[in-house]
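Read the structure below first, then the notes.
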Amino acid sequence: MDALFYLSAVVSIIAIVYQFTVQRRINQQKNLPPSPPSLPIIGHFHLLKRPVHEALSNLSRKYGPIFLLRLGSRPILVLSSCAAIEECFPNNDIIFANHPLLPYRRILQYNFTTIGAPYGHHWRNLRRFTALEIFSAKRLQMSSEICAEEVKFMIKHLYKRARKVDVESFFYMLDFNIMMKIVAGKKCFEEEELDLDKITKGKLDDLKQIFGPFLNMALGDYFPYLRWLTYYGVEKQEIKIHKKRDAFIQALLDTHQNNNSTGGETSRPIIDVPLKLRESEPEFYTNNVVKGIIQMTLIAGTHTTVITLDSVVSQLIAHPEAFKKARDEIDNHVGDSSRLINDADLNKLPYLHGTISETLRLGPVTILPPYESSEDCTVGGYHIPRGTQLWINAWAVHNDPEFWIEHDRFKPERFLIQSEVQEKGGFKFIPFGLGRRVCPGEGLGMRVMALSLGTLIQCFDWEEVKEDQSQVPVKTNPKKAEGKHAEIIFRPREALAKVLAQL
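Below is the structure:
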């Protein structure tokens, strides 16, 4: 142990000397973006105070919309305005077409054979598969039918129970049912499993854990010479979760290996398609590639959708006038109370879409998933070295008063026809990313969110369950209270009683 301690001390000293001599001289010879003063070894880690997007915005006000940070051994380029993004894209689109290949993600992403693979032939083949087999027009139509079926299933459940509901848990159950039906042809939660007070809770928690988002930052990736120390923290926990996720996906594959289902490709669950294609292209559709496709679909298709819907509900509860406008739009379009809205109605409900887009503008997307430069390039006249991570502060862009009138207000109207969004254009609204790594699931995600939210607005009156402060102990843990999600009582509308009773 003493030998390891002395070894790490020697390596640390060498790193400090290199950073403050050789690397500093190299950097001074190049026109790098402005950068705050840094500390030895850690660089600018001490400046990333929570919430990180606000800390980055404060730095941009001092150092400009293009500035450079150094986190341990890794340089980070931060862009915080539309103009700064336009300096980078599309001119450097291919150069920034990679996500960082962080060491701890090698196992989580099946040796980088998933959709997070390096830009190149393999990635283009994966992207082509998702475009044709997951997000094509025919596949989206099938997904919409599944979504409508599962929304009705959950609405029926709400109609029967009519008591307080943990909104996040409700949306997780709905979304897991939708995505599992799309991916594997079966839902996660049957009717008898929907009571969160009983057996569902453990099952739901397990699914939320194994299909939650990957950790964005592991210290061992920024301090390679100390990786053996940091590995035994969060990285080990992430790998443990990955093993559970891998076992879950492998069980789905085992069930479908000998699936002889008939019908067109778009009528099959997604999991059957690569297994069928494996017969003619075994060198591409390896077991890891197929598992990576399923993993990507389930992770990307659940967590982001749920946190967005949870945020929209909170916004509509806080802004009852917006809730009323969304309901009036639905009622006026449907014209009577003889049916629920369906997928064909969604394009004619711009205010409903506006509530989702406005929520995405204000949050929860704050910093886009990082990119990384594959070679030296120039951004805004500054030299950007190869291997520099790119962080785009979407929160700063979405709250720029130069482009957004009353930027701190919840105004779904701004996304209607001839809106300020359409008038200004450009990179001012980027919740789904940009460049070649833009999220391919935007269409499916917006359909799922619009139909789920619209049906809840049409069918129920919402009442927020407020905590009785007289019953709250004085020594309540504030962190636990902050993490508590909204609880809503969904009361069936009289006008929709007949429709709901027939579900």
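The sequence shown begins at 83 in our numbering and counts up by one.
From the three backbone atoms N, C-alpha and C, an ideal C-beta is built for every residue, glycine too.
Which value, in whole angstroms, describes the spacing of the CA atoms of residue 451 and residue 519?
9 Å
In chain order, what residues of the same chain have a beta carbon less than 8 Å from the beta carbon of residue 433, not counting five sequence neighbours either side?
407, 408, 411, 494, 495 and 498
Using a Cβ distance threshold of 8 Å, determine whether the region 522 to 542 contacts the region 480 to 493, with at least three qualifying pairs required.
no
What do you get for residue 558, buried or exposed, if any count of 16 or more other CB atoms within 10 angstroms of its CB means buried?
For residue 558, the predicted structure reports a pLDDT of 32, less than 50, and the residue's modelled location is therefore unreliable. The matter cannot be settled from this model.
Rounded straight-line distance, which links the Cα of residue 137 to that of residue 118:
12 Å
For residue 479, tell me which candidate among 449, 439 and 461 has the shortest Cα-Cα distance.
449
Can you tell me whether DSSP reads residue 306 as helix, strand or coil?
helix
Cutoff 7 Å; reference residue 565; Cβ partners in own chain excluding five residues on either side:
Any reading at residue 565 must be qualified, since the residue scores a pLDDT of 48, below 50, and its modelled position is unreliable; the value itself is stated next. If we look at residue 565 and ignore the five residues flanking it on each side, it has no Cβ neighbours.
Residue 543 in three-state terms, based on DSSP:
strand
Kindly indicate which three-state DSSP category residue 585 falls into: helix, strand or coil?
coil
With a cut-off of 8 Å, do at least 3 Cβ pairs link the region 199 to 209 to the region 537 to 547?
no
Are the CB atoms of residue 239 and residue 276 within a distance shorter than 8 Å?
yes
At least one CB of chain D closer than 8 Å to the CB of residue 385: is that the case?
In the displayed structure, chain D is absent; only one protein chain is listed.
Cutting at 6 Å between CB atoms, please list the residues of its own chain near residue 241, excluding the five before and the five after it.
574 and 582
Buried or exposed: residue 445, going by 16 or more other Cβ atoms within 10 Å of its Cβ?
buried
When the Cβ atoms of the region 463 to 476 are set against those of the region 161 to 179, are three or more pairs found closer than 8 Å?
yes
Who are the near neighbours of residue 108 in its chain, counting only those whose CB is closer than 8 Å to its CB and skipping five residues on each side?
A caution first: residue 108 carries a pLDDT of 47, below 50, which makes its placement in the model unreliable, though a value can still be read off. Result list for residue 108: empty, nothing under 8 Å.
Could you tell me whether the region 452 to 462 touches the region 178 to 190, where touching means 3 or more Cβ pairs closer than 8 Å?
yes
By the three-class DSSP mapping on this structure, what secondary structure does residue 447 have?
coil
How big is the Cα-Cα spacing for residue 561 and residue 132?
Note that residue 561 scores 34 on pLDDT, short of 50, meaning its location in the model is unreliable; the coordinates nonetheless yield the value given after this. Spanning the two alpha carbons is a distance of roughly 14 Å.
Count the other C-beta atoms from every protein chain shown that fall within 10 angstroms of the C-beta of residue 384, then say buried if there are 16 or more, exposed otherwise.
buried
Where does residue 570 fall in DSSP's three states?
strand
List the whole-angstrom C-beta distance separating residue 285 from residue 331, where the pair is believed to meet the contact cut-off of C-beta under 8 Å.
With 8 Å as the limit, residue 285 and residue 331 do not qualify as a contact, their Cβ atoms being about 17 Å apart.
So what does residue 454 bridge to, in DSSP terms?
180 and 471
Under the three-state reduction of DSSP, which class applies to residue 578: helix, strand or coil?
helix
Beta-carbon contacts of residue 578 that lie in its chain and below 6 Å, excluding the five residues immediately before and after:
419 and 541
What does a CB cutoff of less than 6 Å around residue 371 pick up in its chain, not counting 5 residues either side in sequence?
195
Given 8 Å as the limit, is there contact between the region 142 to 154 and the region 124 to 131, that is, 3 or more CB pairs closer than that?
yes
Contact belief for residue 359 with residue 339 at Cβ below 8 Å, rounded distance in angstroms
Incorrect: roughly 14 Å between the Cβ atoms, too far for contact.
Can you give me the start and stop residues for the alpha helix (DSSP H) that residue 138 sits inside?
134 to 145
From 394, 422 and 225, residue whose alpha carbon lies closest to that of residue 435
394
Determine whether the beta carbon atoms of residue 567 and residue 250 lie at a separation below 8 Å.
yes
Contacting residues, own chain, Cβ-Cβ under 8 Å from residue 576 (five flanking each side not counted):
none
By DSSP's criteria, residue 161 is part of a beta bridge. Which residues make up the other side?
148 and 474
What do you get for residue 198, buried or exposed, if any count of 16 or more other CB atoms within 10 angstroms of its CB means buried?
buried
Measuring only the C-alpha atoms, how far is residue 236 from residue 252?
8 Å
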